[in-house]
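Visitor:
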Amino acid sequence: MMAAAALLRVDSLYKTFGGILAITDLSFELAEGELLGFIGPNGSGKTTAVNLITGFVKPSQGAVIYRGRDITGLAAHAVVRLGISRTFQMVRPFYQLPAYKNMIIPLYSPRVKQLAGGRYGDRDAVALDLLEEVGFERDAQVAYKSAAALPQGYLKRLELAKAMALKPDLIILDELFSGLSLAEVASIVPIIEKLRKEGKTIIMIEHRLKELFRIADRVVVLNYGQKIAEGRAEEVMASEDVRKAYLGVEA
Amino acid sequence: MLYLLAPRLIPILAFLLLPLVLGTYWQKVFLSVAVFALLAISWDILAQSGMISLGQALFFGLGAYCSGVLNHTFGWHPLLALPAATLLGGLIGTVCLLPVLRLRGVYFSMVTLIIPLMLVRIVEATKIFGGTEGLSGIAPLPSKWLELYLIVGVLLGALFGFRRMFNSDYGLVLKGIKDNDRSVTNAGINVYWFKTQALFIASSIGALAGAFMTHVYMFVGMPVFALDYSILPIAAAVVGGPGTLAGATLGAVILVPLSEALRGIGGLRIVFYGCFLVVFIVALPEGIFHYVQRKYHQFERWVEVE
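Chains as they are written, first to last, in this note's numbering: chain S, 179 to 429; chain B, 77 to 382.
Below you can see the structure in the form of structure tokens.
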């Protein structure tokens, strides 16, 4: 399906960590503009899969094809420059710095410079704009507060803004919603929908299935490093294997 | 205005005026202060970029030997050999550590500790560059005053220049590498390239200090790789307050003269020196500079309230 328009193609990926099979024969395709959900129980290999795609971890076998180019084994910073940007599940901002100064490092990226035609521009101003876009109220000057003083909800938004700063074509969000209240999730969803309207392709690793299913086109389910289902949310959740993986044997 | 200017003006004036009032002996100590301050700044630049070096002697020694050989063997004028040795020493130091740039924390530190010790043995075993005898008869700098003010200029330039660098966005990236290199990589920034740049800067500063001392002593030999040049800069940075460069300089200003003053009591010198360090680290773990800085800013608030 959609093979011609595939933005990302993961081809039979394997990863072993000292004999433990973290990822086994993972293949999937992602069309441009699609929002793909990545679900599965804890330890099922979702984050590892993202690490393999983004070059933070080298696969033992298999290939990652992005825009028809083999990016398997490419250094992580080089993958980012091609337009794949991710967030981390565990946010680790620079706590002693104000939120907007946390944006400086992604805005220092060679990708930002290249897209702007060789010039960086005013990083502080761009940082403040981006933070406003993800919900840092400008009037309340939240962006000037040190990251240590910000609640989890804002730190997650900061993480999202850092990914957006790189103007990526593919954004991978690793459990962006974890640790957030329903209200906070509800306020972030429109940002993601806006990114989609801008034509971004998105992969979301999520445990918050209800919220994910509302926005995802398609989901891939992992269990013990293997893909056990793929398709539209309701199809996938109807599958016996998926119910077993999530709810236990008797289901 | 004066409130903002004073912390910069006082050290600048002190460094510029002190050579004029000091006697010949203390002028030599002053040179030593400046050289150790440069080594401590070099250490602090590496530390702020996430590399803890236990081998500042590597940079110092490389610079010393480069300048020595350029002058002794090739007959270069000291004023030409000095900058050449700075760059050459910086380059060799960077290349030496390039393979271990990927190591983190204590593993990187261990390698930096070992390399200068290894180089000493190489000089001893192969008898290159005068072997254990070293190279003597190296030309001094043209005048004593040039010597004093050259190193003061370099020190002040390095101190304020690199402080400015660390306050810039470029410096933020370097500090980001120390705090969370994964996050910097995720910005599409090649962490190792930035670390290499920081390493070259630090390595060159250390090499300059070594090259300078070669011309002061008019001699270069195996002692340039001695542990003193590795340990004292760290002590200076820790006592003065790491992460500011100014703290590193302040530490050298305190520790080097103290070490000289204690020379009178002979063998017990190291004991007193060690005790002083321990007391200091326990009492003021943040370092003098951070403490003074905080008090100074509180001082401003008292003024405003009244």
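Glycine included, every Cβ here is placed at the ideal spot set by N, Cα and C.
Find the nearest neighbour of D300(S) within the set A326(S), K279(S) and R316(S), judged by alpha-carbon distance.
Guide: Within the first sequence, the letter at position 122 stands for residue 300(S). Residue K279(S) is the option with its Cα nearest to D300(S).
Visitor: Which same chain residues end up closer than 6 Å to L185(S) when comparing Cβ atoms and leaving out the 5 residues on each side of it in sequence?
Guide: Here residue 185(S) refers to the residue found at position 7 when the first sequence is read from its first residue. So the qualifying residues of the chain are L208, E210 and T379.
Visitor: Taking Cβ-Cβ distances shorter than 8 Å, what residues in chain S pair up with V260(B)?
Guide: Along the second sequence, read from residue 1 onward, the residue named residue 260(B) stands at position 184. Within 8 Å Cβ-Cβ: I283.
Visitor: Whole angstroms are fine: how far does the CA of A274(B) sit from the CA of G204(B)?
Guide: Against the second sequence, residue 204(B) aligns to sequence position 128. Against the second sequence, residue 274(B) aligns to sequence position 198. Before going on, a small fix: residue 204(B) reads as Ile here, not Gly. Going by the C-alpha atoms only, they are around 30 Å apart.
Visitor: Considering only their Cβ atoms, is the gap separating L134(B) from G165(B) smaller than 7 Å?
Guide: In the second sequence, counting from the first residue as 1, residue 165(B) sits at position 89. In the second sequence, counting from the first residue as 1, residue 134(B) sits at position 58. It is not a contact, given that the beta carbons lie outside the stated cut-off.
Visitor: Counting contacts by CB-CB distance shorter than 7 Å, is D304(B) in contact with chain S?
Guide: In the second sequence, counting from the first residue as 1, residue 304(B) sits at position 228. The beta carbon of D304(B) sits no closer than 7 Å to any beta carbon of chain S.
Visitor: Within the continuous alpha helix (DSSP H) that includes K375(S), where are the two ends?
Guide: As a first step, residue 375(S) must be located in the first sequence, where it is residue number 197. Start and end: L360 to K375.
Visitor: Comparing the C-beta of H385(S) with each C-beta of chain B, is any distance below 7 Å?
Guide: To locate residue 385(S), count along the first sequence from 1; it is residue 207. It does not; no Cβ of chain B falls within 7 Å.
Visitor: Could you tell me which chain B residues have their CB closer than 7 Å to the CB of P237(S), listed as they occur along the chain?
Guide: Taking the first sequence and counting its residues from 1, the one referred to as residue 237(S) is at position 59. Going along chain B, no residue has its Cβ under 7 Å from P237(S), so there is no contact; the nearest lies around 17 Å.
Visitor: Residues in the stretch 262–273 of chain S with C-beta within 9 Å of chain D's C-beta atoms, listed in sequence order?
Guide: Within the model displayed, chain D is absent; protein chains S and B are what it includes.
Visitor: What's the gap between the Cα of A116(B) and the Cα of L333(S)?
Guide: As a first step, residue 116(B) is located in the second sequence; it is residue number 40 there, counting from the start. As a first step, residue 333(S) is located in the first sequence; it is residue number 155 there, counting from the start. Whole-angstrom Cα-Cα distance: 36 Å.
Visitor: So for V235(S), helix, strand or coil by DSSP?
Guide: For the purposes of this step, residue 235(S) is taken as residue 57 along the first sequence, with counting starting at 1. Note: V235(S) maps to coil in three-state DSSP.
Visitor: Counting pairs of beta carbons, one from the stretch 343–355 of chain B and one from the stretch 121–131 of chain B, are three or more of them closer than 8 Å?
Guide: Result no; under three Cβ-Cβ pairs closer than 8 Å.
Visitor: Going by DSSP in three states, K378(S) sits in which element: helix, strand or coil?
Guide: Here residue 378(S) corresponds to residue number 200 of the first sequence, with the count starting at 1. Coil.
Visitor: How about G403(S) and A200(S): do their beta carbons lie closer than 7 Å?
Guide: By one-based count along the first sequence, residue 403(S) stands at place 225. By one-based count along the first sequence, residue 200(S) stands at place 22. For G403(S) and A200(S), yes; Cβs fall inside 7 Å.
Visitor: Put V315(B) into one of helix, strand or coil per three-state DSSP.
Guide: Taking the first residue of the second sequence as 1, we reach residue 315(B) at position 239. In this structure, V315(B) counts as helix in the three-state DSSP scheme.
Visitor: Out of Y141(B), F184(B) and T149(B), point me to the one whose CA is closest to L163(B)'s CA.
Guide: In the second sequence, the residue the question calls residue 163(B) occupies position 87. When only C-alpha atoms are compared, the closest one is Y141(B).
Visitor: Could you confirm whether any beta carbon from chain S is found closer than 7 Å to the beta carbon of D245(B)?
Guide: Locating residue 245(B) in the second sequence gives position 169, where the first residue counts as 1. So yes, D245(B) belongs to the interface.
Visitor: Would you please state the rounded distance, in angstroms, between the beta carbons of L94(B) and F106(B)? I believe it to be under 8 Å.
Guide: Residue mapping note: residue 94(B) aligns to position 18 of the second sequence, counting from 1. Residue mapping note: residue 106(B) aligns to position 30 of the second sequence, counting from 1. Correct: roughly 6 Å between the Cβ atoms.
Visitor: CB-CB under 6 Å to V312(S), same chain, minus the five flanking residues each way: which ones, in chain order?
Guide: Locating residue 312(S) in the first sequence gives position 134, counting from the first residue. Closer than 6 Å at Cβ, skipping near neighbours: R335, L338, A339 and I369.
Visitor: Do L191(S) and L230(S) count as a contact pair if the criterion is CB distance below 7 Å?
Guide: Position 52 of the first sequence, counting from 1, holds the residue named residue 230(S). Position 13 of the first sequence, counting from 1, holds the residue named residue 191(S). Against a cut-off of 7 Å, the Cβ pair of L191(S) and L230(S) comes out as a contact.
Visitor: Note down, in chain order, every chain B residue with its Cβ under 9 Å from the Cβ of V258(S).
Guide: Position 80 of the first sequence, counted from the start, is the residue given in the question as residue 258(S). The contacting residues are T261, N262, A263, G264 and I265.
Visitor: In the structure shown, what three-state DSSP assignment does E389(S) receive?
Guide: Numbered from its first residue, the first sequence carries residue 389(S) at position 211. Helix.
Visitor: Along chain S, which residues have their Cβ under 7 Å away from the Cβ of L122(B)?
Guide: Start at 1 with the first residue of the second sequence, and residue 122(B) comes out as number 46. By Cβ distance, chain S contributes nothing, its closest Cβ being about 19 Å from L122(B), past 7 Å.
Visitor: How would you list, in chain order, the residues of chain B whose beta-carbon sits under 8 Å from the beta-carbon of K279(S)?
Guide: The residue labelled residue 279(S) in the question sits at position 101 within the first sequence. The contacting residues are L248.
Visitor: Taking 7 Å as the CB-CB cut-off, is G319(B) touching chain S?
Guide: Working through the second sequence from its first residue, we reach residue 319(B) at position 243. Closer than 7 Å: no.
Visitor: Do G316(B) and L326(B) count as a contact pair if the criterion is CB distance below 7 Å?
Guide: If you number the second sequence from 1, residue 326(B) lands on position 250. If you number the second sequence from 1, residue 316(B) lands on position 240. Result yes, Cβ atoms of L326(B) and G316(B) sit closer than 7 Å.
Visitor: Does the separation of the CB atoms of N401(S) and G218(S) fall below 7 Å?
Guide: By one-based count along the first sequence, residue 401(S) stands at place 223. By one-based count along the first sequence, residue 218(S) stands at place 40. Against a cut-off of 7 Å, the Cβ pair of G218(S) and N401(S) comes out as a contact.
Visitor: Quick one: what's got a C-beta closer than 6 Å to M77(B)'s C-beta in the same chain, skipping five residues either side?
Guide: Taking the first residue of the second sequence as 1, we reach residue 77(B) at position 1. Closer than 6 Å at the Cβ level, and outside the excluded window around M77(B), lies no residue.
Visitor: Distance check for E223(B) and L217(B), CA to CA, integer angstroms please.
Guide: The residue you call residue 217(B) lines up with position 141 of the second sequence. The residue you call residue 223(B) lines up with position 147 of the second sequence. If you take the alpha carbons of L217(B) and E223(B), they lie about 6 Å apart.
Visitor: Suppose contacts are defined by Cβ-Cβ distances below 7 Å. Is G233(S) in contact with L252(S) by that definition?
Guide: Locating residue 233(S) in the first sequence gives position 55, counting from the first residue. Locating residue 252(S) in the first sequence gives position 74, counting from the first residue. Yes, the Cβ-Cβ distance between G233(S) and L252(S) is below 7 Å.
Visitor: Taking the continuous alpha helix (DSSP H) assigned at V257(S), which residues delimit it?
Guide: In the first sequence, the residue the question calls residue 257(S) occupies position 79. It spans A254 to R259 - the alpha helix (DSSP H) in which V257(S) sits, taken as one unbroken run.
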